[in-house]
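Asks: Residue numbers (my numbering): 33 to 186.
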C-alpha cells in the first residue's frame with residue numbers, strides 16, 4: 033500500500049511565491065521616492081505662504097500633516113485599486129488577502145494605515161519590518177494586522 037500525500041492546508045494562498053524582505057524593501061524604497069516627489073510638487077505652494085516660514089499647528093507643521101496624509105492615501109488607494117503600489121508594480125509584487133478574496137477597505141485600513149502608522153510611530157518600530165524575513169509566509173506586522181500577504185504577481 034503506497035502512502036498518499038494529503039495536503040491539510042486549506043488556505044487558497046498555497047502555491048504562491050511570497051515576496052521576501054529585500055524585494056519588498058526595494059519596492060517600498062521606490063514608493064517612498066514616488067510619494068516624496070508627489071509631495072514635493074503638491075506642497076511647493078506652501079513655500080510662498082507666510083514668507084517661507086513653516087505654518088505650525090501645535091507640534092506639527094501644515095506641510096508635515098498634508099505630507100503624511102498623502103503618504104497614507106497613496107498606499108491605501110493604490111493597493112485598493114490595483115492590489116499594488118507603483119513600487120510593487122515595478123518589482124512584480126502584489127498584495128492579496130489571506131483567503132485570496134478581493135481586498136476590502138477594512139483589510140487595507142488595518143494594513144496600510146494602522147500597520148504603517150505602527151511602523152512609523154517610534155524610531156524603534158521601523159525595525160519591525162525585519163519580521164518579514166522570519167515568518168513562513170514572509171508577513172510583516174502590518175500584513176499580520178491586515179490578514180494580507182505580498183506575493184509575486186504571476
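Beta carbons: idealized from backbone N, C-alpha and C, even for Gly.
Can you give me the Cβ contacts of residue 63 inside the same chain, cut-off strictly under 6 Å, excluding the 5 residues immediately before and after it?
Replies: Locating residue 63 in the chain shown gives position 31, counting from the first residue. The answer, listed in chain order, is 117 and 119.
Asks: Return helix, strand or coil for residue 64, following the three-state DSSP convention.
Replies: Residue mapping note: residue 64 aligns to position 32 of the chain shown, counting from 1. Of the three classes helix, strand and coil, the one that applies to residue 64 here is helix, per DSSP.
Asks: Looking at the strands, I want to know which residues DSSP matches up with residue 128.
Replies: On the chain shown, residue 128 is found 96 positions in, with the first residue counted as 1. The partner list for residue 128 (beta bridge, DSSP) reads 181.
Asks: Could you tell me which residues DSSP pairs with residue 50 in its beta bridges?
Replies: The residue labelled residue 50 in the question sits at position 18 within the chain shown. 183, per the DSSP bridge assignment.
Asks: Decide if residue 152 is buried, meaning its Cβ has at least 16 other Cβ atoms within 10 Å, or exposed.
Replies: As a first step, residue 152 is located in the chain shown; it is residue number 120 there, counting from the start. So residue 152 ends up on the exposed side.
Asks: Kindly give me the distance between the Cβ atoms of residue 177 and residue 147, rounded to whole angstroms, as I take these residues to be in contact under 8 Å.
Replies: Within the chain shown, numbered from 1, the residue matching residue 177 stands at position 145. Within the chain shown, numbered from 1, the residue matching residue 147 stands at position 115. Yes, they are in contact, since the Cβ atoms of residue 177 and residue 147 sit about 5 Å apart, within 8 Å.
Asks: Going by DSSP, name the residue or residues bridged to residue 89.
Replies: Along the chain shown, read from residue 1 onward, the residue named residue 89 stands at position 57. 92.
Asks: Whether or not the region 68-75 and the region 92-102 are in contact is what I'm after, with contact meaning three or more pairs of Cβ atoms, one per stretch, closer than 8 Å; do they touch?
Replies: Touching, yes, given that three or more Cβ pairs across the two stretches are closer than 8 Å.
Asks: Confirm, please, whether the CB-CB distance from residue 133 to residue 115 is below 8 Å.
Replies: As a first step, residue 115 must be located in the chain shown, where it is residue number 83. As a first step, residue 133 must be located in the chain shown, where it is residue number 101. No, they are not a contact pair.
Asks: With a threshold of 7 Å on Cβ separation, who are the neighbours of residue 49 within its own chain once the five nearest residues in sequence on each side are excluded?
Replies: Residue mapping note: residue 49 aligns to position 17 of the chain shown, counting from 1. Excluding residues within five positions, the ones whose Cβ falls inside 7 Å are 183 and 184.
Asks: Buried or exposed for residue 168, please, with buried defined as at least 16 other CB atoms from any protein chain shown within 10 angstroms of its CB.
Replies: As a working note, residue 168 is residue 136 in the chain shown. Exposed is the call here.
Asks: Report the rounded CA-to-CA distance for residue 141 versus residue 80, giving the unit in angstroms.
Replies: The residue given as residue 141 occupies position 109 in the chain shown. The residue given as residue 80 occupies position 48 in the chain shown. Taking the straight line from one Cα to the other gives about 34 Å.
Asks: Taking buried to mean at least 16 other C-beta atoms within 10 Å of its own C-beta, is residue 180 buried or exposed?
Replies: Residue mapping note: residue 180 aligns to position 148 of the chain shown, counting from 1. Label assigned to residue 180: buried.
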